[in-house]
Amino acid sequence: MQQDQAIEIYQRAVDPTMGEEQGARWWADVSAELDAVIAAPDTATAARVITWWHADWRMVGQSPKRVAGRIRRQAARVLNA
5 MQQDQAIEIY QRAVDPTMGE EQGARWWADV SAELDAVIAA PDTATAARVI TWWHADWRMV
65 GQSPKRVAGR IRRQAARVLN A
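Put into structure tokens, the structure is as follows:
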């Protein structure tokens, strides 16, 4: 996936405030994890890939499984556009 695609997916699914200012290395790492979430056979497996991202998701009403689902839905839109 290209960096601009990774940014768009991440912004739509996780955090709309993140952008190119994070740097190419950061986005390469995020892109690798997005690839793993997208390639996972199901949402539960995808959630295990990103469980470590935010230890406080429960405090903001989120869970790795919900975010993984959003990533997978947004990736389908962005990558198949």
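Every letter in the sequence shown is one number past the one before it in the numbering used here, and letter 11, counting from 1, is 15.
Every residue, glycine too, gets a C-beta built ideally from N, C-alpha and C.
First through last residue of the alpha helix (DSSP H) which encompasses residue i
i: Pro68; result: 68–83
i: Glu25; result: Careful: Glu25 lies outside any alpha helix (DSSP H) and carries neither H nor E.
i: Gln15; result: 7–17
i: Thr55; result: Taken as a continuous stretch (DSSP letters only), Thr55 belongs to no alpha helix (DSSP H), as it is neither H nor E.
Inter-residue Cα distance where the pair is residue i and residue j
i: Arg77; j: Gln9; result: 13 Å
i: Thr49; j: Arg70; result: 12 Å
i: Ala17; j: Gly65; result: 14 Å
i: Leu83; j: Trp57; result: 23 Å
i: Val53; j: Arg74; result: 14 Å
i: Asp39; j: Gln7; result: 12 Å
i: Ala72; j: Arg81; result: 14 Å
Buried or exposed by the 16-neighbour rule on C-beta atoms within 10 Å, applied to residue i
i: Pro45; result: exposed
i: Pro68; result: buried
i: Ala28; result: exposed
Close-in-space but distant-in-sequence residues of the same chain around residue i (CB under 8 Å, 5 per side omitted)
i: Ile11; result: Met22, Gly23, Glu24, Trp31
Contacting residues, own chain, Cβ-Cβ under 6 Å from residue i (five flanking each side not counted)
i: Met5; result: Ser35
i: Ala79; result: Ile13, Ile42
7 Å CB neighbourhood of residue i in its chain, flanking five on each side removed
i: Gln15; result: Met22
8 Å Cβ cutoff, residue i in contact with chain E
i: Gln66; result: The structure shown contains no chain E; it is built from a single protein chain.
For residue i, three-class secondary structure by DSSP
i: Asp39; result: helix
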